[in-house]
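Worksheet for the structure shown next.
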Amino acid sequence: GQSLEQPSEVTAVEGAIVQINCTYQTSGFYGLSWYQQHDGGAPTFLSYNALDGLEETGRFSSFLSRSDSYGYLLLQELQMKDSASYFCAVRANAGNMLTFGGGTRLMVKP
Amino acid sequence: DVKVTQSSRYLVKRTGEKVFLECVQDMDHENMFWYRQDPGLGLRLIYFSYDVKMKEKGDIPEGYSVSREKKERFSLILESTSTNQTSMYLCASSPGTSGARGIQYFGAGTRLSVL
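Protein chains in written order, with my numbering: chain A, 114 to 223; chain B, 9 to 123.
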């Protein structure tokens with residue numbers, strides 16, 4: 114099976130940089146996804162890493178190290194609207210089935 | 009834009025009642041998924057389907073069944089609800105293997121309360 118660990122809560126100040134870590138254990142590995150979910154909203158896709166390294170999309174970047182079974186989501190120039198829950202998810206097979214972590218609640222303060 | 013629509017936003021049911029949760033996607037996606045979301049537990053997969061009439065159990069299928077008679081529609085059935093099925097239920101869809109790349113598109117969710 115699969116298991117993922119990520120911090121339950123992170124607090125940061127507007128304009129700062131925050132890193133949300135995710136470690137995983139999985140019997141198969143195709144890639145690591147990140148999702149954002151605002152309170153009362155649907156999860157929305159942020160990024161996907163299939164290979165080692167950093168993927169950048171605007172203020173958000175995602176990193177993967179397959180040898181360490183580790184990834185992180187980096188949010189730069191934090192804005193109040195970034196306050197949300199962030200989930201990492203492992204894609205363990207070709208069929209795009211995902212196993213999600215418990216989520217990290219990010220609170221951005223003024 | 010991909011649209012995944014869930015039939016109800018909120019439902020209140022009594023223990024023992026039967027519940028149908030409907031999900032429709034408009035992007036001709038092969039894969040569809042049902043999750044439940046509980047605080048601190050993330051999203052847990054109940055069932056998924058990779059084609060019409062095909063289904064696979066996820067991590068927590070007990071007490072649930074599903075139906076996929078048409079490609080665009082995936083239904084979650086709770087035959088006899090219990091209080092421990094009070095949760096947020098999320099439906100998602102994604103392209104098949106070649107277009108997957110870890111992306112799933114989610115509906116807004118159905119918050120089910122079982123009294």
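From the three backbone atoms N, C-alpha and C, an ideal C-beta is built for every residue, glycine too.
- Segment contact: the segment 15–28 of chain B against the segment 39–55 of chain B, fewer than three CB-CB distances shorter than 8 Å; contact not assigned.
- The beta carbons of residue 161 of chain A and residue 54 of chain B sit about 23 Å from each other, so the pair does not count as a contact at 8 Å.
- The three-state reading of DSSP puts residue 139 of chain A in coil, since its state is none of H, G, I, E or B.
- Non-local C-beta neighbours of residue 197 of chain A in its own chain, meaning closer than 7 Å and more than five positions away in sequence, comprise 149, 150, 151, 219, ordered along the chain.
- When the alpha-carbon of residue 195 of chain A is set against those of A:129, A:120, A:168, A:116, the nearest one is in A:129.
- Our two residues, residue 63 of chain B and residue 29 of chain B, have alpha carbons roughly 16 Å apart in a direct line.
- Close to chain B, meaning a Cβ-Cβ distance shorter than 9 Å, are the following residues of the segment 149–183 of chain A: 150, 153, 154, 155, 156, 157, 158, 160, 161, 162, 163.
- When the Cα atoms are used, residue 187 of chain A and residue 168 of chain A turn out to be separated by approximately 10 Å.
- Counting every other CB atom within 10 Å of its CB across the protein chains shown gives residue 138 of chain A a total below 16, marking it as exposed.
- Sequence-distant Cβ neighbours of residue 66 of chain B in its own chain, meaning closer than 7 Å and more than five residues away, are 53, 54, 55, 56.
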